[in-house]
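A.B. asks: Residue numbers are given in our numbering: position 33 of the sequence shown equals residue 215, and the series is strictly consecutive.
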Amino acid sequence: MSADEYKSTIAQCVAELDMIANDTSVPRNIRRSVTEIITILQNENQELFLRATSGLSILSDVSSDPNLPMHTGTLIWSILGKLETIPPEV
């Protein structure tokens, strides 16, 4: 995959995270963490891999929150899978 395809993957993840951030059925602390991840992923000053790794770290914590709604958990695991496809060489 090219760097543009990985950027497209990041954009897809941001769009899905934005849905979570705007979902009022999701607890506020989770929405806050998701908003932080969106900011990290959109930071063009860092390499794609660093952004993805930072996002993965926070998302892993969010995914283990006991207050996480099931539908949101499924979406978060999907996003985690997409971010894990970004290699360090990009």
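Ideal placement from N, C-alpha and C gives every residue a C-beta, glycine not left out.
Shortest alpha-carbon distance to M252 belongs to which of A203, A193 and S207?
C.D. replies: If we check each option's Cα against that of M252, S207 comes out closest.
A.B. asks: If you follow the alpha helix (DSSP H) that L223 is part of, which residue opens it and which one closes it?
C.D. replies: Per DSSP, L223 belongs to the alpha helix (DSSP H) from R210 to L223.
A.B. asks: Going by Cα to Cα distance, which pick from P269, S239, L265 and L230 is closest to C195?
C.D. replies: For C195, the nearest C-alpha among the options comes from L265.
A.B. asks: Could you give the DSSP three-state label for Q228: helix, strand or coil?
C.D. replies: Coil.
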